[in-house]
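Asker: The structure is given below, and queries will be raised subsequently.
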Amino acid sequence: MDSLSRNGSGCYDPTMGEAIARAEHVPKHVRDVIEVLKKIASLAGFRIANIELEDKTTRKKFKYRK
């Protein structure tokens, strides 16, 4: 069992664990864009520290932090 699935009193809480996992999930198409940007930056001699992308249609924001 992982520590994110435990509540404040230390008891196993699968609902909390699932909620955290869903909140941290980044869709594949967003991960793909981030990987391409990181590769381009690397070719130019840079390293990306932070990226914030916003979906034009849904306005949902995705963040990458190194």
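Heads up: the sequence shown at position 2 corresponds to 1333 in our numbering, and the numbers run straight through without jumps.
Beta carbons are placed, not taken as given, at the ideal position from N, Cα and C, and that holds for glycine.
(1) Nearest-angstrom Cα distance between residue 1388 and residue 1355?
(2) Report yes if the CB atom of residue 1337 is closer than 8 Å to the CB atom of residue 1344, and no otherwise.
(3) Can you tell me the Cα-Cα spacing of residue 1369 and residue 1339, whole angstroms?
(4) Just to confirm the assignment, what range does the alpha helix (DSSP H) spanning residue 1359 have?
(5) Can you pull the DSSP bridge partners for residue 1394?
Answerer: The answer reads as follows:
(1) One C-alpha to the other measures close to 20 Å.
(2) Result yes, Cβ atoms of residue 1337 and residue 1344 sit closer than 8 Å.
(3) Those two C-alpha atoms are separated by around 37 Å.
(4) Note, residue 1359: alpha helix (DSSP H), 1359 to 1374.
(5) Beta-bridge pairing links residue 1394 to 1383.
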